[in-house]
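For reference, the structure is listed below as structure tokens.
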Amino acid sequence: MKKVFLIAYFIAALGGGVSQAMAGSHDERSVGAAVYARSCIACHAIDGVGAMPGIPDLTDKKGALSKSDGVLLKGIINGINSGSSPIPMPAKGGDENLTEAEARLVLDYIRRKFGN
506 MKKVFLIAYF IAALGGGVSQ AMAGSHDERS VGAAVYARSC IACHAIDGVG AMPGIPDLTD
566 KKGALSKSDG VLLKGIINGI NSGSSPIPMP AKGGDENLTE AEARLVLDYI RRKFGN
């Protein structure tokens with residue numbers, strides 16, 4: 506009887522940990538989505554194709570998102586002046602309070618959302 510109780514207790518404890526881990530990843534996706542809505546959507550648009558000519562199309566598999574995370578994070582944090590865009594991307598998407606962790610979360614969100 507004790508064995509059954511211990512096994513049931515262990516499984517219940519493990520299950521709780523799994524749901525907490527899943528909740529954490531859901532929260533991180535929510536943060537990434539919120540950052541995109543707040544700092545990126547005006548130029549990159551809701552569908553990622555770019556709000557005007559010259560803004561990178563985030564849905565293009567050979568485009569901006571074909572670059573490494575390191576290159577993209579540097580661009581998010583420092584801004585980008587590519588010359589092909591009518592306006593440069595401001596550092597931190599124009600949000601001076603954007604943290605590196607939030608930049609990583611928005612990049613993860615963009616990759617998931619636009620399939621790259």
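Per the working numbering, the very first residue in the sequence shown carries number 506; after that it's consecutive.
All C-beta atoms in this analysis are idealised placements derived from N, C-alpha and C, irrespective of residue type, glycine included.
Item                                                                                                   : Value
Proximal residues to Asp552 (C-beta, below 8 Å), its chain only, five neighbours per side dropped      : Thr564
Burial state of Glu601, where buried means 16 or more other Cβ atoms lie within 10 Å                   : exposed
C-alpha distance - Gly599 paired with Lys567, whole-angstrom precision                                 : 26 Å
Three-state secondary structure assigned by DSSP to Ile560                                             : coil
Pro561 beta carbon near the ligand GDP (any heavy atom closer than 7 Å)                                : Here there are no bound small molecules, and the ligand GDP is not part of this structure.
For Ile585, the residue or residues it bridges with in DSSP                                            : Met594
Cβ neighbours of Asp613 in the same chain (closer than 7 Å, five flanking residues each side left out) : Gly537
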